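Contents: one structure, followed by commentary.
There are 2 protein chains.
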Amino acid sequence: MTAVNKKLDPGQFFLQKLSMAKALQKRTLETRARLIAAAEAVIEESGYEAMRVEEVVLRAGTAKGTFFAHFKDKDALMELIIGARLDTYLDELEAAPDPKSVEALAQALMPLCAFMTSERYVFDLILRYSGAAAIEAIGPIAVNFGRQVDLFERWGTANRFRTDIGVDLQAEGIHAFMIQAMATHFCSLHNAQSINDRLVPYLKAWLAPNS
Amino acid sequence: MTAVNKKLDPGQFFLQKLSMAKALQKRTLETRARLIAAAEAVIEESGYEAMRVEEVVLRAGTAKGTFFAHFKDKDALMELIIGARLDTYLDELEAAPDPKSVEALAQALMPLCAFMTSERYVFDLILRYSGAAAIEAIGPIAVNFGRQVDLFERWGTANRFRTDIGVDLQAEGIHAFMIQAMATHFCSLHNAQSINDRLVPYLKAWLAPNS
DNA sequence: AATAGAAAATGACCGTGGTCAATTTTGGAG
DNA sequence: CTCCAAAATTGACCACGGTCATTTTCTATT
């Protein structure tokens with residue numbers, strides 16, 4: 143895989159998807175911007191799970207039907223907003239220097255992991271949308287997951303942790319363990335261990351076996 | 143971890159949860175059995191995603207409120223039914239001889255994986271309930287995931303694939319890659335690769351590095 | 001057998017996501 | 001400027017999960 147996907151804010155992503163359709167009216171852009179802004183405001187105040195379509199359209203000053211003319215369903219807007227957040231984390235990671243050790247690698251991933259696990263609702267939605275195809279066409283979260291693996295490949299190329307497997311396989315493994323560490327984190331109120339403490343042993347065993 | 147959890151059908155699981163509460167009336171048992179049977183019939187005919195509470199109570203001959211007196215919500219019944227299915231697969235795996243190679247290990251997991259990925263809805267629900275605690279108290283699917291890891295530990299103890307890491311870590315890795323293989327499977331209508339073909343390279347790299 | 005209190009069942013009702021035929025607005029052709 | 005077809009918006013309406021005060025049924029006590 144090569145890194146073809148660059149950052150997109152919610153609006154830009156929408157534009158890209160419709161780039162080959164007929165031109166959009168200015169009114170359309172304004173309405174969508176109001177809806178997104180209203181949703182972000184609600185989320186800011188009460189969290190992702192608490193977002194209600196009724197509340198969003200009320201604040202945006204539109205009818206409910208307008209919401210669904212702009213977004214396939216509630217989840218589609220959530221995906222847009224969460225995907226944009228994920229992209230800002232990826233931007234920072236891509237701009238930063240490649241981690242030189244397993245510990246540094248895990249450490250670098252923590253801000254992203256913290257956001258993904260900030261709400262159970264967020265984590266579940268991300269997992270649900272991380273695989274495209276079932277949800278017609280590829281969405282922002284699936285795109286972001288592609289960027290993640292691309293970045294891990296870059297890290298693996300710059301600093302070969304393992305030489306017995308390809309960088310792509312190595313990258314997918316990092317990703318799998320990152321998900322595992324986050325998922326496990328939710329399991330235990332008891333035995334409260336940080337995501338980093340869960341991730342490091344996985345990655346050591348994956349990236350530096352027999353050592 | 144030790145294997146403390148044996149198979150439970152939906153009814154048994156419910157009983158266990160309430161074992162220390164006051165005795166249940168015979169009527170209660172019958173009603174719940176009718177609800178579960180009705181739900182299973184609907185699922186048999188139309189799949190998990192198509193199950194509707196209204197349809198279930200209609201077939202069971204109860205009022206809607208009765209459904210929610212027996213199950214916290216629709217997902218709780220789904221978890222019971224899906225968890226029971228998962229348990230039958232685990233029973234078979236536990237009864238079978240330990241796989242002697244990575245290929246055999248992956249092969250042994252295929253029936254379980256096939257069920258888990260039989261519907262996107264099923265896979266998402268399993269992931270959502272695989273971590274307990276957030277969903278008050280541990281449910282059948284989380285219990286089953288514990289059984290899975292316990293079994294992988296047994297396999298790893300019987301046939302040490304890697305000696306540089308503990309059997310528990312080894313088992314968690316197998317689990318992580320199993321999830322990864324299934325999740326990736328949903329991503330691509332294009333590039334249709336079997337779950338087994340996805341899982342084997344992961345497990346080879348995990349269980350037999352440098353070879 | 002009568003009765004009281006607990007357990008179970010009921011169904012009208014609600015919240016919220018999502019639909020769609022009807023209406024309004026827009027941009028452009030003449 | 002007028003008019004029209006396409007685009008955007010509207011809000012009444014529906015589907016479906018979930019609630020709860022009320023009613024029915026069960027069980028134990030006398």
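Line by line, the protein sequences are chains Y and W.
Sequential numbering of the first sequence, starting at 143, is according to this note's numbering.
Sequential numbering of the second sequence, starting at 143, is according to this note's numbering.
C-beta: ideal position from N, C-alpha, C; glycine also.
Quick caveat: nothing in here was measured; it's all calculated off a predicted structure.
Check, Outcome
"Just the chain Y side, please: which residues come within less than 8 Å of residue 339 of chain W by C-beta, in chain order?", "Under the 8 Å cutoff, chain Y gives no residues; its nearest Cβ is about 13 Å from residue 339 of chain W."
"Counting only the same chain and skipping the five closest in sequence on each side, list residues whose C-beta sits under 7 Å from that of residue 163 of chain Y.", "At residue 163 of chain Y, the pLDDT of 48 sits below 50, so the modelled position is not reliable; the number obtained from the coordinates is stated separately. Cβ neighbours of residue 163 of chain Y beyond the five flanking positions: none."
"Just the Cα atoms here: how many angstroms apart are residue 260 of chain Y and residue 263 of chain W?", "23 Å"
"Got a sec: is the Cβ-Cβ distance from residue 329 of chain W to anything in chain Y below 9 Å?", "yes"
"With distances taken Cα to Cα, identify the nearest neighbour of residue 192 of chain W among W/199, W/181, W/200.", "W/181"
"Find the residues of chain W that neighbour residue 310 of chain Y, judging by a C-beta separation of less than 9 Å, and give them in chain order.", "The premise fails here: residue 310 of chain Y is roughly 10 Å from chain W at the closest Cβ pair, so nothing lies under 9 Å."
"Hey, quick one: how far does the alpha helix (DSSP H) through residue 294 of chain Y stretch, first residue to last?", "282–300"
"Looking at the C-beta of residue 210 of chain Y, does it have a partner C-beta in chain W at a distance below 9 Å?", "no"
"Distance check for residue 294 of chain W and residue 316 of chain W, CA to CA, integer angstroms please.", "7 Å"
"Between the stretch 227–238 of chain W and the stretch 198–218 of chain W, are three or more C-beta pairs nearer than 8 Å?", "no"
"How should residue 292 of chain Y be labelled, buried or exposed, when 16 other C-beta atoms within 10 angstroms of its C-beta is the threshold for buried?", "buried"
"If the cut is a Cβ gap below 8 Å, which residues of chain Y does residue 352 of chain W touch?", "306, 351, 352"
"Quick one, are the C-beta atoms of residue 225 of chain Y and residue 283 of chain Y less than 9 Å apart?", "yes"
"Under a three-way DSSP split, which group does residue 316 of chain Y fall into?", "helix"
"Can you check whether the C-beta of residue 283 of chain W is within less than 9 Å of a C-beta belonging to chain Y?", "no"
"Using beta-carbon positions only, say whether residue 254 of chain W and residue 228 of chain W come within less than 9 Å of one another.", "yes"
"Where are the alpha helix (DSSP H) runs, 4 residues long or more, that stay fully inside the stretch 209–279 of chain W, in chain order?", "216–237, 244–258, 262–272"
"Check whether chain Y comes within 9 Å of residue 163 of chain W, counting only Cβ atoms and requiring the distance to be less than that.", "Note on residue 163 of chain W: pLDDT 48, under 50, position unreliable in the model; the coordinate value appears next. Residue 163 of chain W does not count as touching chain Y."
"Below 8 Å on C-beta distance, what does residue 235 of chain W contact in chain Y?", "Simply none; closest approach about 20 Å."
"Nearest to residue 313 of chain Y by alpha carbon, out of W/302, W/319, W/309?", "W/319"
"Between which two residues does the alpha helix (DSSP H) containing residue 196 of chain W stretch?", "195–202"
"Enumerate in chain order the residues of its own chain whose CB-to-CB distance from residue 150 of chain W is below 6 Å, with the five nearest sequence positions on each side excluded.", "Only weak support exists for where residue 150 of chain W lies, its pLDDT of 42 falling under 50; the value from the coordinates is given anyway. Result list for residue 150 of chain W: empty, nothing under 6 Å."
"Taking Cβ positions, are residue 325 of chain W and residue 265 of chain W nearer each other than 9 Å?", "yes"
"Less than 9 Å between the beta carbons of residue 303 of chain Y and residue 349 of chain Y, yes or no?", "yes"
"Where residue 206 of chain W and residue 269 of chain W are concerned, what is the direct C-alpha to C-alpha distance, given to the nearest angstrom?", "27 Å"
"Alpha helix (DSSP H) containing residue 179 of chain W: first to last residue?", "168–188"
"Smallest Cα separation from residue 173 of chain W: which of W/198, W/187, W/220?", "W/198"
"Just to confirm, are residue 323 of chain Y and residue 340 of chain Y a CB contact at a threshold of 9 Å?", "yes"
"Secondary structure at residue 306 of chain W, three-state DSSP: helix, strand or coil?", "coil"
"Taking residue 343 of chain Y as part of the alpha helix (DSSP H), name the residues at either end of that continuous run.", "337–349"
"Quick check on DSSP: helix, strand or coil for residue 192 of chain Y?", "coil"
"Helix, strand or coil: how does DSSP classify residue 205 of chain W here?", "coil"
"Taking 9 Å as the CB-CB limit, is residue 273 of chain Y close to chain W?", "yes"
"Which residues in the same chain have their Cβ closer than 8 Å to the Cβ of residue 272 of chain Y, if we skip the five residues on either side of it in sequence?", "283, 284, 287"
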